[in-house]
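Q: Structure provided below as structure tokens; questions to follow.
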Amino acid sequence: MKFVSYWHDTAPVFSGGAQGPLEGHYDAAIVGGGFTGLAAARQLAKAGAKVVVLEAERVGWGASGRNGGHLNNGLAHSYLSAKAELGKERAIALYRALDDSVDTVEALIAEESIDCNFRRAGKLKLASKPQHFEAIARNFEAIHAEVDPDTALLSPTDLKSEIGSPFHGAMLSKKSAMMHMGRYVAGLATAAARHGAVIHENTRVTDRRQSGNRHELTTSRGKISADNVLVATGAYTTPNFSYFRRRLISVGSFIIATRPLSDAEINATMPGNRTCVTSMNIGNYFRLAPDKRLIFGGRARFSATSDQRSDAKSGQILRASLAAIFPQLAKVEIDYCWGGLVDMTKDRYPRAGYHEGVWYAMGYSGHGAQLSTHLGMMLADAMLGREDRNPLKGLEWPAIPGYSGKPWFLPMVGLYYKALDRIQ
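Right, here's the structure in full:
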């Protein structure tokens, strides 16, 4: 078993990074070389801006290369709860932003000829309990009538041709997609560099100072100045950007990947070949990889760390969950096990905008693989003086009281949600 991300291990290595010391002045400096930062860099460079990307590790090292490989439309919340919390207009705008995000990724892949196995697969939100299907059905009725007619409600009988496990029905979101995340991030970085963005990997930002509209960034490879700064670091945001640290909760998310499955095994487990998410509070998500592995993830442990020891413990929990959902794969070999951090906000809505001279997009709360590209391009347009189409503009983002960036309370949160899953 390899304790590395499947996406990292099976993708080409980006070779277009800049070498040597870092110096000079830029129109925009982007902190973070994931989907958000690279998409913004590409958009800025295409418009002729002088842009630099500062990545502490290598492109796609964080959440962009450690996720489940889903490009799901729809909200992390139920649409009904989003309407109640945000109002109908904002809920619809956010829902449609997720739809548009999948379109944006698809168009970018076509424009830049990125080979990343993109496919409109559709997503199943699977009811783990009978009462969950009732809630899914109510949510479906509102979504289908008000915002997304490309949805369907599936009965347990309908599901027999989709998944080889006894769920109690599902909602199908037909616009959802999947892709190989590692190949996409390598292709996106290559495209950004080709258009003129300067990408520095292994370059950590150690200090930031601001005087008027001019920013000075000290990095492990030298100092630069910039007119604009975009922070796109998510769960890996450093104390240099304390405003965001006090608003983001970093939660571990863990994934395993099986050996490649035979056609017979696929027909018995995932004949529908869609992205799948269960309805439990501490649920699971899964899909087939391009080489027929089952990629199976979840918040196996509520932890703010992800190292090999933590990943191994979580992998054991995920293997038990996999066997519970698919008993026919109980003894299948596991080839990959990895973890990463998810940047959660208190209300689980993402945030993007401009605060005290700094642009930002983060807080994706486990649903950022597609939205990150979309928001990165939108914020780049705003920097360029184009129309500000940010669907999250104006959404309040209060700090979490008594919180400085170290989520000591996560074990208690995990116990709470486990208790909810037992009684709901």
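Once you know that position 9 of the sequence shown is 987 in my numbering, the rest is easy, because the numbers rise by one and skip nothing.
Just so it is clear, CB atoms sit at the ideal spot from N, CA and C, and this is done for glycine as well.
Would you give the residue range spanned by the beta strand (DSSP E) that ARG1329 belongs to?
A: It spans 1329-1333 - the beta strand (DSSP E) in which ARG1329 sits, taken as one unbroken run.
Q: Give a single yes or no on whether HIS1178 has its beta carbon closer than 6 Å to a heavy atom of the ligand ZN.
A: Ligands in the displayed structure: none, and consequently the ligand ZN is not present.
Q: Let me know the secondary structure DSSP gives GLU1243 once reduced to three states.
A: If DSSP states are grouped into helix, strand and coil, GLU1243 belongs with the helices.
Q: Once you ignore the five residues that flank GLY995 on each side, which residues in its own chain have a CB closer than 7 Å to its CB?
A: Closer than 7 Å at Cβ, skipping near neighbours: ILE1177, HIS1178, GLU1179.
Q: So TRP1316 and ASP1359 are supposed to be a Cβ contact under 8 Å. How far apart are they, rounded?
A: So it is not a contact: roughly 34 Å between Cβ atoms.
Q: Could you round the C-beta distance between LEU1016 and ILE1092 to whole angstroms and report it? I think they count as a contact, below 8 Å.
A: Not really, about 12 Å apart at Cβ, beyond 8 Å.
Q: Among LEU1266, ALA1113, TRP1375, which one has its Cα closest to the Cα of ARG1326?
A: Closest by alpha carbon: TRP1375.
Q: In three-state DSSP terms, what is THR1351?
A: Residue state, collapsed to three classes: helix.
Q: How would you label GLU1243, buried or exposed, when you count the other beta carbons within 10 angstroms and need 16 or more for buried?
A: So GLU1243 ends up on the buried side.
Q: Excluding the 5 residues preceding and the 5 following TYR1394 in the sequence, name in chain order all residues of the same chain whose CB lies nearer than 6 Å to its CB.
A: Unreliable positioning characterises TYR1394 in this predicted model, as indicated by a pLDDT of 44, which lies under 50. The coordinate reading is nonetheless provided below. There are no such residues.
Q: Assuming contact is defined by CB atoms lying nearer than 7 Å, are VAL1080 and LEU1053 in contact in what I supplied?
A: Contact flag unset, no.
Q: Do you know how far the Cα of VAL1037 is from the Cα of GLN1021?
A: Distance between the alpha carbons of GLN1021 and VAL1037 is about 17 Å.
Q: By Cβ distance, which residues of its chain are closer than 8 Å to HIS1333, with the 5 residues on each side in sequence left out?
A: Closer than 8 Å at Cβ, skipping near neighbours: TYR1221.
Q: Which residues does DSSP list as the beta-bridge partners of THR1196?
A: Answer is ASP1185, LYS1201.
Q: Out of LEU1032, ILE1121, LEU1102, GLY1212, point me to the one whose CA is closest to VAL1405's CA.
A: The structure shown has nothing for residue 1405, since the chain only spans 979 to 1402.
Q: Is GLY1148 near LEU1102, with beta carbons less than 7 Å apart?
A: It should be noted that the sequence gives Ala, not Gly, for residue 1148. Closer than 7 Å, so yes.
Q: Identify, in the order they occur along the chain, each residue of the same chain with its Cβ nearer than 7 Å to the Cβ of HIS1173, setting aside the five sequence neighbours on each side.
A: Counting only Cβ-Cβ distances below 7 Å, and skipping sequence neighbours, we find ARG1020, ALA1023, LYS1024.
Q: Bridge partners of THR1178, per DSSP?
A: Position check: residue 1178 holds His in this sequence, whereas Thr was assumed. Note: HIS1178 sits in a beta bridge opposite LEU1032.
Q: My parser needs the alpha helix (DSSP H) runs of 4 or more residues fully inside the stretch 1065-1105; what are they?
A: With a minimum length of 4 residues, the continuous alpha helix (DSSP H) runs that stay inside the stretch 1065-1105 are 1066-1090.
Q: Pick out whichever of ASP1005, PRO999, LYS980 has its Cα sitting closest to the Cα of GLY1363.
A: The shortest Cα separation from GLY1363 among ASP1005, PRO999, LYS980 belongs to ASP1005.
Q: Taking buried to mean at least 16 other C-beta atoms within 10 Å of its own C-beta, is ASP1185 buried or exposed?
A: Per the 10 Å Cβ criterion, exposed.
Q: Report, in whole angstroms, the separation of the C-beta atoms of LEU1058 and ASN1117, which I expect to be a contact under 8 Å.
A: Yes, they are in contact, since the Cβ atoms of LEU1058 and ASN1117 sit about 5 Å apart, within 8 Å.
Q: Short check: CB of ALA1164 to CB of THR1014, under 7 Å?
A: Going by C-beta atoms, ALA1164 is not nearer than 7 Å to THR1014.
Q: Measure the alpha-carbon distance for ALA1298 versus ALA1007 and round it to whole angstroms.
A: In a straight line, the C-alpha of ALA1298 is about 44 Å away from that of ALA1007.
Q: Tell me whether HIS1055 is buried or exposed, calling it buried when 16 or more other Cβ atoms sit within 10 Å of its Cβ.
A: The residue in question, HIS1055, is buried, as its Cβ has 16 or more Cβ neighbours within 10 Å.
Q: Can you pull the DSSP bridge partners for MET1361?
A: In the DSSP output, where bridge partners are listed per residue, MET1361 has none listed.
Q: Less than 7 Å between the beta carbons of ASP1203 and HIS1003, yes or no?
A: Note that residue 1203 corresponds to Ser in the displayed sequence, not to Asp. Contact: yes.
Q: I need the boundaries of the alpha helix (DSSP H) containing VAL1163, first residue and last residue.
A: Element bounds for VAL1163: 1159-1172.
Q: If we count the other Cβ atoms within 10 Å of its Cβ and call it buried at 16 or more, is ASN1406 buried or exposed?
A: The structure shown does not extend to residue 1406, since the chain is modelled only from 979 to 1402, so the question has no answer here.
Q: Beta carbon of HIS1158, beta carbon of ASN1095: below 7 Å?
A: Cβ distance < 7 Å, so HIS1158 and ASN1095 count as in contact.
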